[in-house]
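Visitor: This structure is in structure tokens; I'll ask about it shortly.
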Amino acid sequence: MIAAICWGVHDILVRRVSQNTPLMASLLAVLVAGTLLQLGIMTTTGSFAPVTGASAGYAMISGVCFLVASLGLYGAFQRGPVRLVAPVIASYPILSVGWAAASGIPISLYEWLAVLSIIIGVSVVAMLSDDSTAEVPPKGLTILYAVIAAVGFAGTFAFGQLAAAMTHDLPVILITRSVAIVLLLGIIVAKSLPLWPGRSALPVLALMGCVDGIALMCVLSAGGLPDAQYAAVASSVFGLLTILMAWAFLKEQMTLPQWSGCLLTFVAIGYLAL
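Just so we're aligned: the sequence shown equals residues 0 to 273 in numbering that gives the first Met the number 0.
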């Protein structure tokens with residue numbers, strides 16, 4: 000839930016900066032800021048430790064997935080609309096729980112129903128929050144980007160939690176973030192895209208990086224805990240929390256069906272937490 004809150008704040012800030020700053024440069028700044036935050040935490044707590052070869056390998060795969068997920072997310076929301084994109088991206092818990100089931104972890108029927116309830120609740124709130132009538136690009140590519148983001152997040156959490164369960168979690172997460180940064184830098188250089196997002200955007204991007212860093216550390220660090228897959232499930236409500244924060248702080252309206260979607264989502268999370 001801490002991860003969901005952080006990513007909810009991240010999404011609100013994305014809305015502020017995405018229209019006036021280069022997309023790739025913004026993502027790079029966010030990733031670097033989150034990595035610097037983690038390095039500070041690791042230095043303060045003395046959390047540097049050797050990582051096994053297998054754990055490092057899984058962490059590197061997690062980093063590739065994290066970059067793919069981030070690019071898919073930014074690309075999907077850039078095209079929009081929210082009512083189309085958010086439900087598709089929010090479906091990644093099905094893949095996360097499916098991965099756990101395939102790994103031999105028993106998942107009961109009621110737990111599957113709770114996961115589906117969370118996805119339905121988030122989807123209801125997201126679809127009803129987007130009343131835009133503006134023309135949008137063709138849906139096919141938008142849906143593809145959203146599916147790529149969902150698969151990327153599921154892979155990030157599955158491989159990252161697997162790596163964190165083998166050794167110390169913070170060094171593993173540092174590898175994940177470093178791989179994503181190096182690959183993104185390669186894409187930016189290869190395509191001759193701008194590296195500098197602009198001085199005015201840096202404070203917001205730095206804040207985005209910090210909350211994104213905290214969120215990723217929360218979800219991947221759960222790899223050493225029982226039922227780690229439900230950290231990914233709970234974090235999927237970040238879109239719903241974005242809308243709730245817009246209602247609380249920006250005075251945007253919430254309808255009764257949206258409140259019903261929120262109730263369904265949090266009741267299902269409460270059941271999984273029992």
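We put the CB at the ideal spot given by N, CA and C, even for glycine.
(1) Please return the same chain residues whose Cβ sits closer than 8 Å to the Cβ of I118, not counting the five positions on each side in sequence.
(2) Of the choices A179, L27, A113, whose alpha-carbon is the least far from that of L273?
(3) Return the Cβ separation of C64 and D211 in integer angstroms, given the expectation that the two are a contact with Cβ distance under 8 Å.
(4) What separation, rounded to the nearest whole angstrom, lies between the Cα atoms of R82 and A75?
(5) Pull up the CB-CB distance for A153 and A2, whole angstroms please, since I reckon it's below 8 Å.
(6) With a cut-off of 8 Å on the beta carbons, I'd call V29 and G208 a contact; round off their distance for me.
(7) Once you ignore the five residues that flank Y57 on each side, which residues in its own chain have a CB closer than 7 Å to its CB?
(8) L262 to V188, Cα distance in whole Å?
(9) Going along the chain, which residues of its own chain have a beta-carbon closer than 6 Å to the beta-carbon of P137, five neighbours each way excluded?
(10) I'd like the span of the alpha helix (DSSP H) that includes M23, first residue to last.
(11) Rounded to whole angstroms, how far is the Cβ of A32 from the Cβ of A205, which I believe are closer than 8 Å?
(12) Can you tell me which of E251, L255, P256 puts its alpha carbon nearest to the alpha carbon of I11?
(13) Please name the residue in G223, P256, G269 whose C-alpha comes closest to that of S122.
(14) How far does the alpha helix (DSSP H) with S234 in it reach, from first residue to last?
(15) What number of angstroms, rounded off, separates the C-alpha of G103 from the C-alpha of L194?
(16) Tell whether a beta-carbon distance below 7 Å holds between I147 and G269.
(17) Quick one: what does DSSP say T51 is sitting in, helix, strand or coil?
(18) Going by C-alpha distance, which of M244, A231, M41, S259 is nearest M0?
(19) Which residue marks the beginning of the alpha helix (DSSP H) containing R82, and which one marks its end?
(20) Taking the C-alpha atoms as reference points, what is the distance between L243 and G185?
(21) Exposed or buried, which one is R15 when buried takes at least 16 other CB atoms within 10 Å?
(22) Classify L239 as helix, strand or coil using the three-state DSSP reduction.
(23) Under three-state DSSP, which class holds G92?
(24) Would you identify the three-state DSSP class for P202, choosing helix, strand or coil?
(25) Could you give the residue range of the alpha helix (DSSP H) that holds S191?
(26) Which residue marks the beginning of the alpha helix (DSSP H) containing P105, and which one marks its end?
(27) By how many angstroms is the C-alpha of A164 removed from the C-alpha of G224?
(28) At what residues does the alpha helix (DSSP H) containing P256 begin and finish?
Guide: According to the data block:
(1) Same-chain partners within the cutoff: P86, A89, S90, P92, I93, S235.
(2) The option with the nearest alpha carbon to L273 is A113.
(3) About 15 Å separates the two Cβ atoms, so there is no contact after all.
(4) If I take the Cα positions, the gap works out to 11 Å.
(5) Contact doesn't hold; Cβ gap of about 14 Å is too wide.
(6) About 4 Å separates the two Cβ atoms, so the contact holds.
(7) The beta carbon of Y57 sits closer than 7 Å to those of F158, L161, A162, all from its chain and outside the five residues before and after it, given in chain order.
(8) Our two residues, L262 and V188, have alpha carbons roughly 46 Å apart in a direct line.
(9) Closer than 6 Å at the Cβ level, and outside the excluded window around P137, lies no residue.
(10) From DSSP, the alpha helix (DSSP H) with M23 extends over 22-44.
(11) Cβ atoms of A32 and A205 come within 8 Å of each other, at about 5 Å.
(12) Of the candidates E251, L255, P256, the one whose C-alpha sits nearest the C-alpha of I11 is E251.
(13) Closest option to S122, Cα to Cα, is P256.
(14) Element bounds for S234: 228-234.
(15) C-alpha separation (whole angstroms): 44 Å.
(16) In this structure, I147 sits away from G269, with a CB-CB distance that is not shorter than 7 Å.
(17) In this structure, T51 counts as coil in the three-state DSSP scheme.
(18) The option with the nearest alpha carbon to M0 is A231.
(19) In the DSSP assignment, R82 falls within the unbroken alpha helix (DSSP H) covering 81-88.
(20) Taking the CA atoms as reference points, L243 sits about 37 Å from G185.
(21) Only exposed fits R15, as fewer than 16 other CB atoms lie within 10 angstroms of its CB.
(22) Under the three-state reduction of DSSP output, L239 falls in the helix class.
(23) The sequence given here places Pro at residue 92; Gly does not occur at that position. Helix, per DSSP.
(24) DSSP, reduced to helix, strand and coil, places P202 within a helical segment of the structure shown.
(25) For S191, there is no enclosing alpha helix (DSSP H), as DSSP gives it neither H nor E.
(26) No alpha helix (DSSP H) contains P105, which DSSP labels as neither H nor E.
(27) Note that residue 224 corresponds to Leu in the displayed sequence, not to Gly. As the crow flies, the alpha-carbon of L224 is around 8 Å from that of A164.
(28) 255-272 is the extent of the alpha helix (DSSP H) around P256.
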